[in-house]
Every structure is written in structure tokens, then in C-alpha cells.
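Sequential numbering of the sequence shown, starting at 23, is according to the working numbering.
Using N, Cα and C, we set each Cβ at its ideal position, and we do this for glycine too.
Notes follow the structure.
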Amino acid sequence: MTTPHTHEGQEEVFVAMTAGEIEIEGDLHAVSAGGVVRVGEGVVRNLCNRTGESTQVWLALGAPPVGSAEDFGAYVVADGDDEIGSGSADETR
């Protein structure tokens, strides 16, 4: 479902809407429907589907470890800029 990857400076929380599997640092974990998995920044993760079932549904939530509603820091795209900006919310979309 995904390829093994990490996120520098960002953790993720996965909620299994259906039963599923997630691989963390090479270890495969079965997750029941409604199960929640938190993966810290820099940790290799991979949503998998080795169950033979055709569909797994996940809700994935990620957030940078810095910033606030008023200032998202480097995680905001500024108006008219295709690259990541570093301005406050007033300067962004």
C-alpha cells in the first residue's frame, strides 16, 4: 500500500478503519479495526496488505513537531510560491 519510508521532523498516527497491517522498522504488526498506531519521526514505516484481503482502509494523521495555528513555520506553502515557505499564517493561503 505504501513503500517503506520515514518522515524527518514529523510523527504520524494511523487509525485502522478496517483490520490491516503495518510494518515498523521491518517488523510486521497486525492491527484490528479501530486500532491506533503512533509512529515517531525518523522511524521506517510501511502500510502493508499481505492478508489476501482486497481492501484495507486507514486514516493517517501527521503533524510537524513545531508551529502553531498562527505560525506553521516551514510547513506552509506561501501564496504564489511552489516551494515550502516559512511565513506566518497571515502570509499564506
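### Query
Is it the case that the Cβ atoms of V53 and V59 are separated by a distance below 8 Å?
Here the question's residue 53 lines up with position 31 in the sequence shown. Here the question's residue 59 lines up with position 37 in the sequence shown. In contact: V53 and V59 (Cβ atoms closer than 8 Å).
### Task
Compute the distance between the beta-carbons of A85 and Q32, then report whether it is under 8 Å.
Walking along the sequence shown from the start, residue 85 turns up at place 63. Walking along the sequence shown from the start, residue 32 turns up at place 10. In contact: A85 and Q32 (Cβ atoms closer than 8 Å).
### Query
When you compare only the Cα positions, how much space is there between V37 and C70?
Translated into the one-based positions of the sequence shown, residue 37 becomes position 15. Translated into the one-based positions of the sequence shown, residue 70 becomes position 48. Going from the Cα of V37 to the Cα of C70 covers about 14 Å.
### Task
Identify, in the order they occur along the chain, each residue of the same chain with its Cβ nearer than 7 Å to the Cβ of L50, setting aside the five sequence neighbours on each side.
Walking along the sequence shown from the start, residue 50 turns up at place 28. Once the five neighbours on either side are set aside, the close Cβ partners of L50 are E43, C70.
#### Entry: Burial state of V61 (16 or more Cβ within 10 Å)
One-based indexing of the sequence shown puts residue 61 at position 39. Counting Cβ neighbours within 10 Å, V61 comes out buried, since at least 16 surround it.
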